[in-house]
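There are 4 protein chains.
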Amino acid sequence: MASITRLLISCPDQPGIVAATARLLADTGANIVDSDQHTTDPHGGTFYMRMEFDLALDAAARAELETRFAREVADPLQMQWRMADASARKRVAILVSREEHCLLDLLWRARRGELAIDVPLVVSNHELLREDVEAFGLRYEHVPVVRGREGEGEARLLELLAAEPVDLIVLARYMRILSGGLLDELAVPVINIHHSFLPAFAGAGPYAQAKARGVKLIGATAHYVTERLDDGPIIEQDTVRVTHRDDVPALIRLGADIERVVLARAVRWHCEDRVLRAGDTTVVF
Amino acid sequence: MASITRLLISCPDQPGIVAATARLLADTGANIVDSDQHTTDPHGGTFYMRMEFDLALDAAARAELETRFAREVADPLQMQWRMADASARKRVAILVSREEHCLLDLLWRARRGELAIDVPLVVSNHELLREDVEAFGLRYEHVPVVRGREGEGEARLLELLAAEPVDLIVLARYMRILSGGLLDELAVPVINIHHSFLPAFAGAGPYAQAKARGVKLIGATAHYVTERLDDGPIIEQDTVRVTHRDDVPALIRLGADIERVVLARAVRWHCEDRVLRAGDTTVVF
Amino acid sequence: MASITRLLISCPDQPGIVAATARLLADTGANIVDSDQHTTDPHGGTFYMRMEFDLALDAAARAELETRFAREVADPLQMQWRMADASARKRVAILVSREEHCLLDLLWRARRGELAIDVPLVVSNHELLREDVEAFGLRYEHVPVVRGREGEGEARLLELLAAEPVDLIVLARYMRILSGGLLDELAVPVINIHHSFLPAFAGAGPYAQAKARGVKLIGATAHYVTERLDDGPIIEQDTVRVTHRDDVPALIRLGADIERVVLARAVRWHCEDRVLRAGDTTVVF
Amino acid sequence: MASITRLLISCPDQPGIVAATARLLADTGANIVDSDQHTTDPHGGTFYMRMEFDLALDAAARAELETRFAREVADPLQMQWRMADASARKRVAILVSREEHCLLDLLWRARRGELAIDVPLVVSNHELLREDVEAFGLRYEHVPVVRGREGEGEARLLELLAAEPVDLIVLARYMRILSGGLLDELAVPVINIHHSFLPAFAGAGPYAQAKARGVKLIGATAHYVTERLDDGPIIEQDTVRVTHRDDVPALIRLGADIERVVLARAVRWHCEDRVLRAGDTTVVF
Chain A
109 MASITRLLIS
119 CPDQPGIVAA
129 TARLLADTGA
139 NIVDSDQHTT
149 DPHGGTFYMR
159 MEFDLALDAA
169 ARAELETRFA
179 REVADPLQMQ
189 WRMADASARK
199 RVAILVSREE
209 HCLLDLLWRA
219 RRGELAIDVP
229 LVVSNHELLR
239 EDVEAFGLRY
249 EHVPVVRGRE
259 GEGEARLLEL
269 LAAEPVDLIV
279 LARYMRILSG
289 GLLDELAVPV
299 INIHHSFLPA
309 FAGAGPYAQA
319 KARGVKLIGA
329 TAHYVTERLD
339 DGPIIEQDTV
349 RVTHRDDVPA
359 LIRLGADIER
369 VVLARAVRWH
379 CEDRVLRAGD
389 TTVVF
Chain B
109 MASITRLLIS
119 CPDQPGIVAA
129 TARLLADTGA
139 NIVDSDQHTT
149 DPHGGTFYMR
159 MEFDLALDAA
169 ARAELETRFA
179 REVADPLQMQ
189 WRMADASARK
199 RVAILVSREE
209 HCLLDLLWRA
219 RRGELAIDVP
229 LVVSNHELLR
239 EDVEAFGLRY
249 EHVPVVRGRE
259 GEGEARLLEL
269 LAAEPVDLIV
279 LARYMRILSG
289 GLLDELAVPV
299 INIHHSFLPA
309 FAGAGPYAQA
319 KARGVKLIGA
329 TAHYVTERLD
339 DGPIIEQDTV
349 RVTHRDDVPA
359 LIRLGADIER
369 VVLARAVRWH
379 CEDRVLRAGD
389 TTVVF
Chain C
109 MASITRLLIS
119 CPDQPGIVAA
129 TARLLADTGA
139 NIVDSDQHTT
149 DPHGGTFYMR
159 MEFDLALDAA
169 ARAELETRFA
179 REVADPLQMQ
189 WRMADASARK
199 RVAILVSREE
209 HCLLDLLWRA
219 RRGELAIDVP
229 LVVSNHELLR
239 EDVEAFGLRY
249 EHVPVVRGRE
259 GEGEARLLEL
269 LAAEPVDLIV
279 LARYMRILSG
289 GLLDELAVPV
299 INIHHSFLPA
309 FAGAGPYAQA
319 KARGVKLIGA
329 TAHYVTERLD
339 DGPIIEQDTV
349 RVTHRDDVPA
359 LIRLGADIER
369 VVLARAVRWH
379 CEDRVLRAGD
389 TTVVF
Chain D
109 MASITRLLIS
119 CPDQPGIVAA
129 TARLLADTGA
139 NIVDSDQHTT
149 DPHGGTFYMR
159 MEFDLALDAA
169 ARAELETRFA
179 REVADPLQMQ
189 WRMADASARK
199 RVAILVSREE
209 HCLLDLLWRA
219 RRGELAIDVP
229 LVVSNHELLR
239 EDVEAFGLRY
249 EHVPVVRGRE
259 GEGEARLLEL
269 LAAEPVDLIV
279 LARYMRILSG
289 GLLDELAVPV
299 INIHHSFLPA
309 FAGAGPYAQA
319 KARGVKLIGA
329 TAHYVTERLD
339 DGPIIEQDTV
349 RVTHRDDVPA
359 LIRLGADIER
369 VVLARAVRWH
379 CEDRVLRAGD
389 TTVVF
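Chains as they are written, first to last, in this note's numbering: chain A, 109 to 393; chain B, 109 to 393; chain C, 109 to 393; chain D, 109 to 393.
Below is the structure:
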């Protein structure tokens with residue numbers, strides 16, 4: 109039976125990285141079933157690799173493999189690396205405000221088996237979407253965010269996530285900014301969907317901005333959240349054609365279809381360990 | 109035999125515009141073969157219309173039709189309007205610097221009959237593309253632009269265009285800024301192709317900017333030139349998918365395919381009288 | 109207050125159609141707020157038009173307008189035509205088998221207000237999706253179709269629709285063929301979503317066919333149902349890029365996103381009276 | 109200085125392929141700068157791989173590497189394989205009939221340095237494009253094909269190619285069928301551009317077929333030529349949106365833009381040794 113492990117690597121590029129990695133895996137009897145790599149520059153750049161190998165391992169054997177890989181391959185080559193069991197489902201908390209399309213799409217894809225995620229918690233600053241979420245048999249927590257007292261909401265969020273640890277937080281049209289301090293304490297990746305083709309139309313009201321500028325395409329951007337608003341590493345983007353006939357509500361409607369698809373792809377790729385941070389950008393294998 | 113006239117209208121919206129226009133045309137025996145309209149708001153907005161009608165007219169009859177249309181329809185309804193003979197080819201001057209892909213594409217399309225334009229003049233601030241242009245049997249003028257003495261280049265350009273009047277100027281990757289004063293004196297529309305999805309990456313080096321930001325799509329934008337750099341009304345845009353593998357030269361290569369198609373569409377639509385300015389945006393029928 | 113009526117016309121092309129229509133509408137005080145037209149050939153072709161006009165009418169006044177339009181405009185010009193109140197919501201029955209993505213997407217959009225439809229009835233040849241449908245507060249009827257006794261299922265369907273008349277039937281991945289006799293008796297338009305870019309891969313298992321052929325894009329097609337399988341007039345299509353890495357389940361997953369969007373567009377356009385049949389094809393205004 | 113070699117492999121999948129390959133390359137001092145792989149099934153499927161490695165080799169050392177690779181890696185693992193010097197330009201003959209857009213696009217990309225190809229010969233069954241081709245400084249041969257005497261044309265083509273051996277033949281809108289016998293004698297890959305989204309609208313007049321069927325997208329397909337018309341392994345496809353307004357000449361015009369881009373991609377990928385035949389389909393790395 110297949111037991112797939114994913115190996116993610118980044119390190120200074122130099123000859124022999126693939127060979128050293130492949131040799132050690134071959135020695136253990138692993139079969140490399142997928143492999144993708146990228147170098148920013150073969151001479152002095154950064155090397156990124158994602159491998160999937162098939163190898164039945166119990167916990168002890170996996171620990172031993174990791175120790176050996178660290179000692180024989182990763183440390184000498186100054187790798188940042190991790191191994192992930194492909195069968196381990198990611199635990200994901202979703203934050204949402206009033207717009208339900210991205211949230212419902214993620215929950216529906218999870219139910220359908222398209223996303224290998226568990227969702228222990230949906231948090232909103234509104235009561236509005238409780239019924240929709242509970243219909244999926246999931247927990248919905250209303251955490252109000254009051255202007256000038258944002259700290260209380262953030263504290264409540266941390267408390268909830270302390271009790272229900274997650275691997276990833278998704279902002280599925282959550283219209284509140286997370287403070288840098290909160291991001292540090294969360295200590296897991298946070299993916300946001302922004303309803304424009306970044307870097308165009310960062311900030312509030314991107315569809316109204318797009319209408320005013322008269323663009324002929326609108327877009328959506330899924331990115332990792334950093335302290336700087338709408339400025340984190342981009343995971344995925346897409347666009348859709350619009351015309352002068354489309355007023356702001358039409359842009360919102362047309363954009364919603366792109367937002368949900370772009371966010372779903374980003375979450376899927378993240379959960380399949382396909383996305384590596386590369387400075388202010390990403391490598392998506 | 110078909111003799112198509114195009115009628116372009118914009119005016120404050122109110123009941124009866126279509127009826128008044130159609131009635132007058134019907135009275136003259138014209139057959140409306142195409143019609144498109146748009147209102148920003150039926151109650152107090154601006155109304156735009158483009159009609160094509162089939163009516164054999166000699167010069168005197170056309171003048172009479174225009175006089176009658178002005179008196180009976182356009183003036184009472186406060187229209188800005190014009191009629192254009194669809195068979196009249198637009199005269200177009202093309203300005204270019206070093207990159208030939210947009211220029212050649214326009215010339216190929218003109219030769220193929222895709223663009224109903226005549227090109228009396230190609231002007232460049234370099235000698236580089238003379239042979240390519242002259243191979244099409246077209247005139248190439250090298251007008252150097254020297255930093256600090258841009259006025260001399262602009263004067264020469266005006267002189268050339270005074271001798272060869274044109275209906276449209278196309279900046280086919282012309283990397284110099286036209287001064288506001290020059291734009292006023294040119295007194296014809298100027299279309300530029302910018303090698304990014306505006307408003308993202310305005311200004312210099314958009315592909316390098318795009319690479320640094322890590323976008324997953326790059327684009328191109330054709331727009332009317334105004335005094336404000338890369339900020340005129342957008343006529344057409346398109347995007348193409350890129351990945352972390354694409355370095356700046358690859359973005360330049362992939363972008364070139366989009367630039368030339370976007371510019372060609374914008375020029376075609378302009379020359380078919382399909383583009384109406386609407387404040388800082390356009391209506392494209 | 110706006111009260112929009114839609115006028116749909118097709119007739120032999122000849123001079124004066126727009127004028128005659130616009131004049132009569134102007135006489136009644138109507139304001140034409142949108143208009144789109146198409147001719148297959150100004151000389152001897154067929155003319156199609158869709159107008160939206162703003163005019164407050166009670167039932168009696170509307171009947172009078174229709175009578176006058178028929179007598180003064182439509183009959184002399186041999187028009188096929190109808191007027192539709194834009195505020196009247198279409199009643200839509202949805203038929204589905206096992207795949208829920210198109211169904212749920214339509215129901216979400218209807219709930220969100222994106223589709224101005226009421227859904228009195230969802231019919232399936234399986235029990236599977238009852239809970240999903242009833243969660244929207246909608247009626248779900250299980251009508252089994254037994255091989256060799258398809259007539260019983262069709263009779264039951266007709267019985268249900270006799271009690272709940274609808275304006276449109278949508279086959280949202282309904283995997284049974286409707287007989288020509290049934291289509292005649294239904295006497296309303298039927299829209300189907302086919303999970304390929306027709307005419308490629310008609311019939312069963314289009315994604316497996318696509319994989320075997322090694323296409324680099326897959327698609328979906330929404331079309332009116334006729335007696336000939338997968339051969340009715342196409343309303344909308346779209347495609348998405350795939351690679352050799354995508355196996356049949358991946359094609360099914362990627363295709364589902366296109367199917368639901370394509371079907372939703374087709375249903376929306378149909379319900380906005382934007383789609384006119386033109387022989388074996390459609391005009392979509 | 110970089111000296112890149114490409115290694116292309118296909119073989120029955122089994123554990124250790126990557127390791128054996130990478131180990132041998134590491135032993136020789138090669139640095140793997142790019143690697144891509146695909147398996148149709150890790151258990152009993154076919155494995156495909158493309159590696160690029162950096163290793164300065166003179167002719168003797170390369171021969172030795174190939175011998176050693178064959179003996180130690182390829183033969184034991186039943187590989188079909190080849191190594192290609194990335195700096196070696198492919199020699200390409202282009203066949204064309206009357207439409208110039210694909211031909212000119214390829215020649216222009218070659219001149220620009222986008223395609224690392226040399227074009228010793230352009231052959232046409234018409235005189236029409238001689239001037240265009242000779243303007244690029246290339247050789248143009250007119251080889252008429254007379255109905256009923258196609259064999260004479262094929263013989264002349266073989267004679268020309270015997271004197272100017274090529275690595276690839278591109279049919280850039282060449283509207284004659286190459287016989288199976290000719291394909292055998294040519295003994296190099298042949299890439300064709302078909303002006304439809306195959307398998308839809310194979311054969312003659314695809315745009316007229318598309319118009320009659322009323323499709324909402326048209327496409328183009330680049331594929332390897334086999335004896336069966338329009339049925340060879342697909343390398344690349346793309347589509348563009350059309351409407352009821354687009355008559356057949358408009359489809360031809362819009363399609364031309366897609367044809368040239370699709371063909372250029374296919375030729376580029378082929379010449380970068382990115383395309384592996386996999387039965388009736390392709391793997392494109």
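Positions of the beta carbon are idealized from the N, C-alpha and C atoms, including for glycine.
Just so we're clear, the structure is a prediction, and the values are computed from it rather than from any experiment.
* Let me know if P120(D) comes out buried or exposed under the rule of 16 or more other beta-carbons within 10 Å of its beta-carbon. => In the fourth sequence, the residue the question calls residue 120(D) occupies position 12. Result: exposed.
* With a threshold of 16 other CB atoms inside 10 Å of the CB of S304(C), please say whether the residue is buried or exposed. => Residue 304(C) sits at position 196 when you count from the first residue of the third sequence. When all chains shown are included, S304(C) counts as buried.
* Could you work out which residue in D193(A), G221(A), N233(A), P273(A) is closest to L165(A) when comparing CA atoms only? => By one-based count along the first sequence, residue 165(A) stands at place 57. Closest option to L165(A), Cα to Cα, is D193(A).
* Within 10 angstroms of its Cβ, does T175(B) collect 16 or more other Cβ (buried), or is it exposed? -> In the second sequence, the residue the question calls residue 175(B) occupies position 67. Exposed, since its Cβ has fewer than 16 Cβ neighbours within 10 Å.
* Asked: Looking at the unbroken alpha helix (DSSP H) that takes in A280(A), where does it start and where does it end?
  -> Here residue 280(A) corresponds to residue number 172 of the first sequence, with the count starting at 1. Element bounds for A280(A): n/a, residue is neither H nor E.
* Asked: By how many angstroms is the C-alpha of A171(B) removed from the C-alpha of D183(B)?
  -> The residue given as residue 183(B) occupies position 75 in the second sequence. The residue given as residue 171(B) occupies position 63 in the second sequence. So the alpha carbons of these two residues sit roughly 16 Å apart.
* To do: Check whether the stretch 269 to 278 of chain A touches the stretch 199 to 207 of chain A, counting contact only when three or more Cβ pairs, one atom from each stretch, lie closer than 8 Å.
  => yes
* Asked: Out of M159(A), G311(A), I112(A), L132(A), which has the shortest C-alpha to C-alpha gap to R336(A)?
  -> Reading the first sequence from its first residue, position 228 is the one you call residue 336(A). Comparing Cα positions, the closest option is G311(A).
* Asked: According to the Cβ coordinates, are A316(C) and R131(B) closer than 7 Å?
  -> Start at 1 with the first residue of the third sequence, and residue 316(C) comes out as number 208. Start at 1 with the first residue of the second sequence, and residue 131(B) comes out as number 23. Between A316(C) and R131(B), the C-beta spacing is not below 7 Å.
* To do: Could you tell me if Q66(A) is buried or exposed, where buried requires 16 or more neighbouring beta carbons within 10 angstroms of its beta carbon?
  => The requested residue 66(A) does not occur in the structure, where chain A is confined to residues 109 to 393.
* Could you give the DSSP three-state label for G153(B): helix, strand or coil? => Translated into positions along the second sequence, residue 153(B) becomes position 45. In this structure, G153(B) counts as coil in the three-state DSSP scheme.
* Asked: CA-CA distance, M283(D) and D338(D)?
  -> Translated into the one-based positions of the fourth sequence, residue 283(D) becomes position 175. Translated into the one-based positions of the fourth sequence, residue 338(D) becomes position 230. Rounded to the nearest angstrom, the two C-alpha atoms are 12 Å apart.
* Asked: Using the beta-carbon count (16 or more within 10 Å), is H331(D) buried or exposed?
  -> Looking up residue 331(D) in the fourth sequence gives position 223. When all chains shown are included, H331(D) counts as buried.
* So which residues on chain A does R281(C) lean against when the C-beta distance must stay under 8 Å? -> The residue labelled residue 281(C) in the question sits at position 173 within the third sequence. None at all; the shortest Cβ gap to chain A is about 13 Å.
* **6 Å Cβ shell around E367(A) - same chain, five flanking residues per side excluded** => Locating residue 367(A) in the first sequence gives position 259, counting from the first residue. So the qualifying residues of the chain are C210, I301, H303, A328.
* To do: Starting from G327(A), find everything on chain D with Cβ-Cβ shorter than 7 Å and list it in chain order.
  => For the purposes of this step, residue 327(A) is identified with residue 219 of the first sequence, where counting begins at 1. Result: empty, since nearest Cβ-Cβ is about 17 Å, beyond 7 Å.
* Please classify L306(D): is it buried, with 16 or more other beta-carbons within 10 angstroms of its beta-carbon, or exposed? => The residue you call residue 306(D) lines up with position 198 of the fourth sequence. Under this definition L306(D) is a buried residue.
* Partner residues on chain C for F155(D), Cβ-Cβ distance less than 8 Å -> Position 47 of the fourth sequence, counted from the start, is the residue given in the question as residue 155(D). Chain C residues near F155(D): none, gap ~12 Å exceeds 8 Å.
* Just the Cα atoms here: how many angstroms apart are R257(A) and R264(A)? -> Position 149 of the first sequence, counted from the start, is the residue given in the question as residue 257(A). Position 156 of the first sequence, counted from the start, is the residue given in the question as residue 264(A). Each residue's alpha carbon lies about 12 Å from the other.
* Asked: Can you name the residues that DSSP bridges to R158(D)?
  -> Against the fourth sequence, residue 158(D) aligns to sequence position 50. In the DSSP output, where bridge partners are listed per residue, R158(D) has L116(D), D144(D).
* the stretch 291 to 313 of chain B: which residues have C-beta closer than 7 Å to a C-beta of chain A, in chain order? -> F305, P307, A308
* To do: Could you say which of A386(D), F161(D), G322(D) lies nearest to V383(C) if we only look at CA atoms?
  => Mapped onto the third sequence, residue 383(C) falls at position 275. Selected option, being the one with the closest Cα: G322(D).
* To do: Flag T389(C) as yes if its beta-carbon sits less than 7 Å from any beta-carbon of chain D, otherwise no.
  => Locating residue 389(C) in the third sequence gives position 281, counting from the first residue. For T389(C), a Cβ of chain D is located within less than 7 Å of the residue's own Cβ.
* Expressed to the nearest angstrom, what Euclidean distance is found between the alpha-carbon atoms of D149(A) and A318(B)? -> Working through the first sequence from its first residue, we reach residue 149(A) at position 41. Working through the second sequence from its first residue, we reach residue 318(B) at position 210. Looking at the two C-alpha atoms, the distance is approximately 18 Å.
* To do: Using 10 angstroms around the beta-carbon of D292(B), count the other beta-carbons present and answer buried if the total reaches 16, otherwise exposed.
  => On the second sequence, position 184 is the one that residue 292(B) refers to. Looking at its Cβ environment, which holds fewer than 16 other Cβ atoms inside 10 Å, D292(B) is exposed.
* To do: List the residues of chain A whose Cβ lies closer than 8 Å to the Cβ of W377(C), in chain order.
  => Within the third sequence, the letter at position 269 stands for residue 377(C). None at all; the shortest Cβ gap to chain A is about 13 Å.
* Asked: Short check: CB of A178(A) to CB of F161(A), under 7 Å?
  -> On the first sequence, residue 178(A) is found 70 positions in, with the first residue counted as 1. On the first sequence, residue 161(A) is found 53 positions in, with the first residue counted as 1. Contact flag unset, no.
* **Other residues of its chain near E242(A): CB distance less than 8 Å, five sequence neighbours each side excluded** => Your numbering for residue 242(A) matches position 134 in the first sequence. These residues qualify, in order along the chain: Y248.
* Enumerate in chain order the residues of its own chain whose CB-to-CB distance from R238(D) is below 6 Å, with the five nearest sequence positions on each side excluded. => What you label residue 238(D) is simply residue 130 of the fourth sequence in a count that begins at 1. Y248.
* Answer with yes or no whether the minimum CB distance from D144(A) to chain C is below 7 Å. => As a working note, residue 144(A) is residue 36 in the first sequence. No, D144(A) lies away from the interface with chain C (no Cβ there is under 7 Å from its Cβ).
* Using a C-beta cutoff of 7 Å, does D381(A) count as contacting chain C? -> What you label residue 381(A) is simply residue 273 of the first sequence in a count that begins at 1. Chain C, which has no Cβ nearer than 7 Å to the Cβ of D381(A), makes this no.
* Excluding five sequence neighbours on each side, which residues of the same chain lie with their C-beta closer than 7 Å to the C-beta of G153(A)? -> Counting from 1 along the first sequence, the entry for residue 153(A) is found at position 45. So the qualifying residues of the chain are D121, T147.
* CA-to-CA distance, L163(B) to R190(B), given in whole angstroms -> Reading the second sequence from its first residue, position 82 is the one you call residue 190(B). Reading the second sequence from its first residue, position 55 is the one you call residue 163(B). Each residue's alpha carbon lies about 16 Å from the other.
* Can you find a C-beta in chain B that's less than 7 Å from the C-beta of A243(D)? -> Numbered from 1 along the fourth sequence, position 135 holds the residue referred to as residue 243(D). Yes, A243(D) lies at the interface with chain B (some Cβ there is under 7 Å from its Cβ).
* Asked: If you drop the 5 nearest sequence neighbours on each side, which residues of the same chain put their C-beta closer than 8 Å to that of W377(C)?
  -> In the third sequence, the residue the question calls residue 377(C) occupies position 269. Here the set comprises I343, E344, V383, V392.
* Asked: Can you find a C-beta in chain D that's less than 7 Å from the C-beta of V348(A)?
  -> Taking the first sequence and counting its residues from 1, the one referred to as residue 348(A) is at position 240. Output row for V348(A): interface = no.
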